[in-house]
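Residue numbers (this note's numbering): 26 to 205.
Backbone N, C-alpha and C fix where the C-beta goes; we use that ideal spot for every residue, glycine too.
Taking it in order: structure first as structure tokens, then the write-up.
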Amino acid sequence: MWFVALALVALWYTPAQAVVGGAPASPPEPDAAVIFTQRHGFSARVEGIKDDKLGYYSFFGIRYAEPPVGPQRFQRPIRRYLAGEMMANQQCLPCPQPDPYYPKRIIGHEDCLCLNVYAPKMPATEEGSPVVFFIHGGNYRSGSTASYGGQHLAQKDTILVTAQYRLGSLGYLSTGQRDA
């Protein structure tokens, strides 16, 4: 018993140095494909891809809503704010749709509500660029953001944002209620 008490007293008076997080991180390069956002009390660091050869930046798979699965399947999407660290370097899976090569097979995933952003340069405070918001076609049955690249517009000093949306009965089936 005395040994435990003595050990606790020794620990209490022993000087210790706390190490939190290791070495400080260096800031990103000035032309790195990294953006920082802060909105509605959420902050995020989003890292995309820089194409040095063609001279544009890409940010893939930025989720704008919570996955519409389970009880949320036929409800309005729930907004998702960017928070924390995010690697925006992979396209989202397409929303569920018939496979163009095997029509009896379904491809895609319900967790598909995301955006891709193509930009000619990193944001500057002095002046902006025109923005094109593109919603893919497909007769509300097929298509995805992966089908359309933004490099041509990005090379013309235009920002392109492409969005995926729910297709078929998962996206356009209505119960007649405003909330659905």
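- Taking C-beta atoms as the reference points, SER167 and ALA108 fail to come closer than 8 Å.
- Taking C-beta separations shorter than 6 Å and ignoring five residues to either side along the sequence, the partners of GLY193 in its chain run ARG166, following chain order.
- Every candidate alpha helix (DSSP H) stretch fails here, since none sits fully inside the region 114-140 while reaching 4 residues.
- Secondary structure at ALA171: helix, using DSSP grouped into helix, strand and coil.
- Going by DSSP, LEU185 is part of the beta strand (DSSP E) stretching over 184-188.
- When DSSP states are grouped into helix, strand and coil, ALA57 belongs to the coil group.
- For ASP124, the CB contacts under 8 Å within the same chain, skipping 5 residues up- and downstream, are ARG130, ILE131 and ILE132 in chain order.
- Contact check for PHE84 against VAL142 passes: the beta carbons are separated by less than 8 Å.
- Secondary structure at SER68: strand, using DSSP grouped into helix, strand and coil.
- With fewer than 16 other beta carbons inside 10 angstroms of its own, PRO96 counts as exposed.
- Only residues of its own chain outside the window of five on either side were considered, and among them SER68, ALA69, ARG70 and VAL71 have a CB closer than 8 Å to the CB of PHE61, listed in chain order.
- About 4 Å separates the Cβ atoms of ALA179 and TYR81, confirming a contact at the 8 Å cut-off.
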